[in-house]
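J.: So the sequence shown is numbered by this note's numbering: it starts at 21 and just counts up by one.
For glycine and all other residues, C-beta sits at the position ideal for the given N, C-alpha and C.
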Amino acid sequence: MILVFGKTGQVATELGRLGGVTLLGRDRADLSDPQTCATAILHARPRAVINAAAYTAVDRAEEEEALATRINAEAPGAMARACAALDIPLVHISTDYVFDGSGDIPRGPEAPTGPLNAYGRSKLAGEQAIRDTHATHAILRTSWVFSAHGANFVKTMLRLGASRDTLSVVADQTGGPTPATAIAQACLTVAGQLAEGKGSPGNPLTRGLNSE
Ligand SMILES: NC(=O)c1ccc[n+]([C@@H]2O[C@H](COP(=O)([O-])OP(=O)(O)OC[C@H]3O[C@@H](n4cnc5c(N)ncnc54)[C@H](OP(=O)(O)O)[C@@H]3O)[C@@H](O)[C@H]2O)c1
């Protein structure tokens with residue numbers, strides 16, 4: 021069994037649709053209490069863990085950076101320590117917000133980071149917290165996630181497009197719209213490969229899946 025943190029989010033919902041996973045909602049594991057996450061892993065003893073839960077309110081994070089950091093950094097760190105104790109892999113989702121937003125070409129996994137806001141800092145701290153453990157792990161950086169479920173840019177544009185003749189949209193941001201279902205499938209593939217011992221940190225398998 022693969023244990024997934026998250027139940028209602030875009031990626032977690034798609035993981036549930038693909039099957040073969042146990043979804044842990046906020047009611048069973050609140051990431052603002054990192055020890056709860058570690059206990060859930062140690063209790064379930066899964067073959068792999070996927071973290072699809074996160075504090076994703078980018079603007080609100082400016083006022084709640086401590087909470088965002090607990091959820092996006094301390095909780096994944098606690099998950100990774102529990103995974104290391106059980107010798108099982110952790111697959112974690114990160115973001116293009118770990119970069120400084122400059123340039124207009126895709127970034128590689130080793131590109132310098134430099135988050136510009138509280139959300140980006142919390143997600144980068146999460147990456148580091150996982151790397152600081154001995155857990156086998158993969159970190160997938162993605163951007164502009166969309167799906168039929170939840171709030172996202174694509175759905176907002178479709179809704180506004182149906183009710184207005186013209187739309188005003190910022191033109192100074194570039195991103196890679198990424199279907200939640202593709203992320204879910206990638207997470208399952210990587211988790212399965214790592215659980216079978218076919219990948220390791222730094223392996224081209226995980227590096228090639230970096231999608232920002
Ligand atoms: N959305 C994007 O455009 C985007 C872009 C780049 C990277 N990412 C990353 O991709 C991953 C998945 O994003 P998503 O779009 O699927 O997110 P999402 O739809 O915003 O869902 C976030 C999930 O995290 C859960 N969550 C939040 N706080 C929690 C807490 N304290 N305890 C337990 N669960 C909590 C939410 O549960 P509740 O429903 O209970 O709040 C929800 O299930 C995240 O790591 C995110 O940082 C997203």
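Who are the Cβ neighbours of isoleucine 150 in its own chain at under 7 Å, not counting the five residues just before and after it?
T.: Working through the sequence shown from its first residue, we reach residue 150 at position 130. Excluding sequence neighbours, isoleucine 150 sits near Pro96, Gly97, Ala100, Leu110, His112, His157 and Ile159.
J.: Which same chain residues, not among the five before or five after glycine 40, have their C-beta less than 8 Å away from its C-beta?
T.: The residue labelled residue 40 in the question sits at position 20 within the sequence shown. Contacts found: Met21, Ile22 and Leu208.
J.: What is the residue span of the beta strand (DSSP E) that leucine 23 lies within?
T.: Position 3 of the sequence shown, counting from 1, holds the residue named residue 23. From DSSP, the beta strand (DSSP E) with leucine 23 extends over 22-25.
J.: Compute the beta-carbon to beta-carbon distance between phenylalanine 25 and leucine 38, rounded to the nearest angstrom, for a pair I have assumed lies under 8 Å.
T.: One-based indexing of the sequence shown puts residue 25 at position 5. One-based indexing of the sequence shown puts residue 38 at position 18. Between leucine 38 and phenylalanine 25 the Cβ distance is about 16 Å, and since that is not below 8 Å, they are no contact.
J.: From this set, Thr28, Ser142 and Tyr117, which residue's C-alpha is nearest proline 132's C-alpha?
T.: Here residue 132 refers to the residue found at position 112 of the sequence shown. The option with the nearest alpha carbon to proline 132 is Tyr117.
J.: May I ask you to report which of helix, strand or coil DSSP gives isoleucine 108?
T.: Numbered from its first residue, the sequence shown carries residue 108 at position 88. Isoleucine 108: coil per DSSP, three-state reduction.
J.: For proline 126, does the three-state DSSP call read helix, strand or coil?
T.: Looking up residue 126 in the sequence shown gives position 106. Three-state DSSP puts proline 126 in coil, outside helix and strand.
J.: Determine the DSSP secondary structure at leucine 35, reduced to helix, strand or coil.
T.: Working through the sequence shown from its first residue, we reach residue 35 at position 15. Note: leucine 35 maps to helix in three-state DSSP.
J.: Rounding to the nearest angstrom, what Cα-Cα distance links alanine 32 and alanine 58 in this structure?
T.: By 1-based counting over the sequence shown, the position of residue 32 is 12. By 1-based counting over the sequence shown, the position of residue 58 is 38. One C-alpha to the other measures close to 19 Å.
J.: Within 10 angstroms of the Cβ of arginine 141, are there 16 or more other Cβ atoms? Answer buried if so, exposed if not.
T.: As a working note, residue 141 is residue 121 in the sequence shown. So arginine 141 counts as buried.
J.: Quick one: complete alpha helix (DSSP H) runs, 4+ long, within the segment 49-108?
T.: The qualifying runs are 54-64, 85-89 and 95-106.
J.: So who's on the other strand from alanine 200, going by DSSP bridges?
T.: Along the sequence shown, read from residue 1 onward, the residue named residue 200 stands at position 180. Beta-bridge pairing links alanine 200 to no other residue.
J.: What is the DSSP secondary structure of alanine 206, counted as helix, strand or coil?
T.: Walking along the sequence shown from the start, residue 206 turns up at place 186. DSSP places alanine 206 in helix when its eight states are reduced to three.
J.: Counting only the same chain and skipping the five closest in sequence on each side, list residues whose C-beta sits under 6 Å from that of glutamate 94.
T.: As a position in the sequence shown, residue 94 is number 74, starting the count at 1. Contacts found: Pro54.
J.: Less than 9 Å between the beta carbons of alanine 15 and threonine 42, yes or no?
T.: Missing from the structure shown is residue 15; the chain here goes from 21 to 232 and no further.
J.: Output the distance between the C-alpha atoms of threonine 162 and alanine 171, rounded to the nearest integer angstrom.
T.: On the sequence shown, position 142 is the one that residue 162 refers to. On the sequence shown, position 151 is the one that residue 171 refers to. Distance between the alpha carbons of threonine 162 and alanine 171 is about 16 Å.
J.: Return the CA-CA distance between glutamate 85 and lysine 143, expressed in angstroms with no decimal places.
T.: Position 65 of the sequence shown, counted from the first residue, corresponds to residue 85. Position 123 of the sequence shown, counted from the first residue, corresponds to residue 143. Going by the C-alpha atoms only, they are around 11 Å apart.
J.: Select from Asn71, Ser52 and Ala60 the residue whose C-alpha is nearest the C-alpha of glycine 36.
T.: Here residue 36 refers to the residue found at position 16 of the sequence shown. Closest option to glycine 36, Cα to Cα, is Asn71.
J.: Spell out the partners DSSP gives isoleucine 113 in its beta bridges.
T.: One-based indexing of the sequence shown puts residue 113 at position 93. Leu160.
J.: Does DSSP put phenylalanine 166 in a helix, in a strand, or in coil?
T.: Taking the sequence shown and counting its residues from 1, one reaches residue 166 at position 146. The answer is strand: DSSP assigns phenylalanine 166 an E or B state.
J.: With 16 other CB atoms within 10 Å as the buried threshold, where does proline 135 fall?
T.: For the purposes of this step, residue 135 is taken as residue 115 along the sequence shown, with counting starting at 1. Burial call: buried.
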